[in-house]
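First residue of the first sequence: -18, per our numbering; consecutive thereafter. Idealized CB from N, CA, C, for every residue including glycine. Bear in mind the structure is a predicted one, so any value in this text is a computation, not a measurement.
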Amino acid sequence: MKLNSLRGMQDILPEEIHIWHYIEKNARELFEIYNFREIRTPLLEQAELFLRSIGEDTDIVEKEMYVFNDKKGRKVALRPEGTASVVRAYIQNSLFNNPSPQKFYYMGPMFRYERPQKGRFRQFHQIGVESFGISTPTVEAELILMLKQFFERLNIKDLNYEINSLGCKKCRPSYRDNLFIYLNEKVANLCNDCQRRFTRNPLRVLDCKAPNCKNTLKDTPFIIDFLCDDCRMHFLSFQKELELMKIKYVVNPKIVRGLDYYTRTVFEITTTMLGAQNAVAAGGRYDDLVESFGGPKTPAAGFAIGMERVVELCKEITEIEPKRPFVYVAFAGQGMEGEAKKLVNMLRKNGFITETAYENLSLKNQLKRADKLKVEWVIIVGEEEFKKSMYKWKRMKEGTQGEARIEEILKILREGN
RNA sequence: GCGGAUGUAGCUCAAAGGUUAGAGCACUGGACUGUGGCUCCAGGUGCUGCGGGUUCGAAUCCCGUCAUCCGCCCCA
-18 MKLNSLRGMQ DILPEEIHIW HYIEKNAREL FEIYNFREIR TPLLEQAELF
32 LRSIGEDTDI VEKEMYVFND KKGRKVALRP EGTASVVRAY IQNSLFNNPS
82 PQKFYYMGPM FRYERPQKGR FRQFHQIGVE SFGISTPTVE AELILMLKQF
132 FERLNIKDLN YEINSLGCKK CRPSYRDNLF IYLNEKVANL CNDCQRRFTR
182 NPLRVLDCKA PNCKNTLKDT PFIIDFLCDD CRMHFLSFQK ELELMKIKYV
232 VNPKIVRGLD YYTRTVFEIT TTMLGAQNAV AAGGRYDDLV ESFGGPKTPA
282 AGFAIGMERV VELCKEITEI EPKRPFVYVA FAGQGMEGEA KKLVNMLRKN
332 GFITETAYEN LSLKNQLKRA DKLKVEWVII VGEEEFKKSM YKWKRMKEGT
382 QGEARIEEIL KILREGN
């Protein structure tokens, strides 16, 4: 019987792991420059954490979450996103007692039971950040700027920055009422999905891509026209910040987001290069979430980057060389195998990526293997040279070679590194 | 959850119901016992995704199932 990985879950092979390392390294470096620090939270949490943060009516919770009972019958869930866990950890560890802002980043797998597609998997990876304690839109602006620099580092271009405001506890109810009245007149013309959404969560209707619905909803009122004074000011000064930093953006009143905890600012960064799964990063502000979990009233904002999608873009755009062994140690002649082993250990202690023959191969075959491994240098431990305390070195690309003592060999390798 | 396309060697693909299922690349060994790439030779390259059915006979037709891809939905 052949055992395969579960649907939508894939192996990341050494072949492409270097791209992941490259992206992760850039994220760590950059985020730490902005004083975000890494936090690691469990992959498994009480299911209720996500029900209460993301929202019970959302698709994520309703049909995409991996939920099951553990051996004691507790309802647990694999995390479908990162924010809820970080908020939980922030409260549980009383991190709000530390000076504001508290800034965290994380990277790791998330799980959603979705139908797999290009750029969409059941186990996927996100790099995310969360910033707690500051209510001014300078926080969101900093997040966007940091994202922009992140993508610049990776040489990813042609991204669209779209922003919107969802208002707050004060202004959203009046908008919702208004939208309901408006939609009530048109509901007969909407698609089946939208008719369902209309009763469940009217805001979701705005996101529909069906041509007919789009047309019917041309004149739908938008939330940004119903913002309270505070929210409007917040949104305007957010845009001002973006302009100061020369970030090109588009206000897209249709961005609704699939998680209920967002307030005020939301944003999406999209690309046209990945087909239907076009969001590479998204996030927003969630000023009520910490408090709703029993923490002190704490404004907060964050974003998440879709790792697989960024990897895909990197494959198309940048050439990142995978790591290859640097030196191959070959041997020829009586008793040289042991001497070769000593040399291998020595080179490895000196930090060179070293490979060697593990079986008794002809020198020809050893060189053949070295060639296939694409190593830069071969050191041959040969009987004749060994008598003179020398080794033969060979630079594979040029085919040049010579003899040298060990100190010189190390020097040559260091210079060639 | 809905609609569509596709599953043959590690990879890219042939074989239009009829011999023992093929080609290129890759892989392993040899020609070459102290020198890689080139060439030549030899060779695993395989439950034709899996399970049924139709047929004298199925990679080929039908049904189911699983997987992948595309679209919807949703999102990162």
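Taking 8 Å as the cut-off, decide whether the C-beta atoms of Glu143 and Asn233 are in contact. yes
Do Gly109 and Arg245 have their C-beta atoms closer together than 8 Å? Taking 8 Å as the cut-off, the Cβ atoms of Gly109 and Arg245 do not count as close.
If we ignore side chains and look at the alpha-carbon of each, how far apart do Phe92 and Tyr267 end up? 22 Å
Pull up the distance between the alpha-carbon of Ala281 and that of Phe102, whole angstroms please. 28 Å
Is it true that the CB of Thr197 sits closer than 8 Å to the CB of Leu171? yes
Using DSSP bridges, identify the partner residues of Glu249. Glu143, Ala263
For Asp(-8), collect the residues of the same chain with a Cβ closer than 7 Å to its Cβ; drop the 5 residues on either side in sequence, then sort them by chain order. Ser(-14)
For the pair the segment 354 to 363 and the segment 306 to 323, tell me if three or more CB-CB distances fall below 8 Å. yes
What's the call for Val231, buried or exposed, on a 16-neighbour Cβ count within 10 Å? exposed
Based on DSSP bridge pairs, tell me the residues matched to Leu25. Leu59
Does the segment 152 to 161 come into contact with the segment 253 to 262, if we say contact requires no fewer than three beta-carbon pairs (one atom in each stretch) closer than 8 Å? no
Proximal residues to Ala70 (C-beta, below 7 Å), its chain only, five neighbours per side dropped: Ile20, Thr22
For Lys167 and Trp1, the rounded distance between their alpha carbons: For the pair Trp1 and Lys167, the Cα-to-Cα distance works out to about 47 Å.
Here's a check: name, in chain order, each residue in its chain whose Cβ is nearer than 8 Å to the Cβ of Val356, leaving out the five neighbours to either side. Arg305, Pro306, Phe307, Val308, Tyr309, Glu336, Met377
Can you tell me which of the three DSSP states Gly114 falls into? Coil at Gly114, not helix or strand.
Span separating the alpha-carbon of Glu297 from that of Val237: 30 Å
For my contact list, Pro82 and Phe131 are in at a C-beta cut-off of 8 Å; report their separation, rounded to the angstrom. Contact flag wrong, Cβ pair sits at about 19 Å.
Check for me: the beta strand (DSSP E) holding Tyr86 runs from which residue to which? Unbroken beta strand (DSSP E) run through Tyr86: 83 to 92.
So, are the CB atoms of Val292 and Val261 less than 8 Å apart? no
Run of the alpha helix (DSSP H) containing Gln130, from where it starts to where it stops: 119 to 134
Cβ distance (whole Å) where Arg134 is taken to contact Asn7 below 8 Å: Arg134 to Asn7, Cβ: 5 Å. Contact.
To the nearest whole angstrom, what separates the beta carbons of Ser34 and Leu294, a pair I think is in contact under 8 Å? About 29 Å separates the two Cβ atoms, so there is no contact after all.
Run the CB neighbour count on Thr119, radius 10 Å, all protein chains shown included, and call it buried at 16 or more, exposed below. exposed
Could you check if Asp352 is buried or exposed, using at least 16 other CB atoms within 10 Å of its CB as the buried criterion? exposed
Per-residue DSSP class, three states only, for Thr244: Note: Thr244 maps to strand in three-state DSSP.
If I measure Cβ to Cβ from Met(-18) and keep anything under 6 Å in the same chain, skipping five residues before and after, which residues do I get? The pLDDT assigned to Met(-18) is 48, lower than 50, so where the model puts this residue is not dependable; a value taken from the coordinates is nonetheless given after this. So the list is empty, once near-sequence residues are dropped.
Could you tell me the alpha carbon to alpha carbon distance between Ser66 and Lys221, rounded to whole angstroms? 32 Å
Within its chain, find whatever has a CB closer than 8 Å to the CB of Glu5; leave out the 5 residues flanking it on each side and keep chain order. Taken in chain order, the residues that qualify are Met88, Ile108.
Got a sec? Which residues, its chain only, sit under 7 Å from Met226 by beta carbon, not counting five neighbours each side? These residues qualify, in order along the chain: Ala122, Leu126.
Report buried or exposed for Ile27, applying the criterion of at least 16 other Cβ atoms within 10 angstroms of its Cβ. According to the sequence provided, residue 27 is Gln. The question's Ile does not apply to it. It is exposed - the Cβ of Gln27 has fewer than 16 other Cβ atoms within 10 Å.
Would you mind sorting Arg(-12) into buried or exposed? The rule is 16 or more other CB atoms within 10 Å of its CB. exposed
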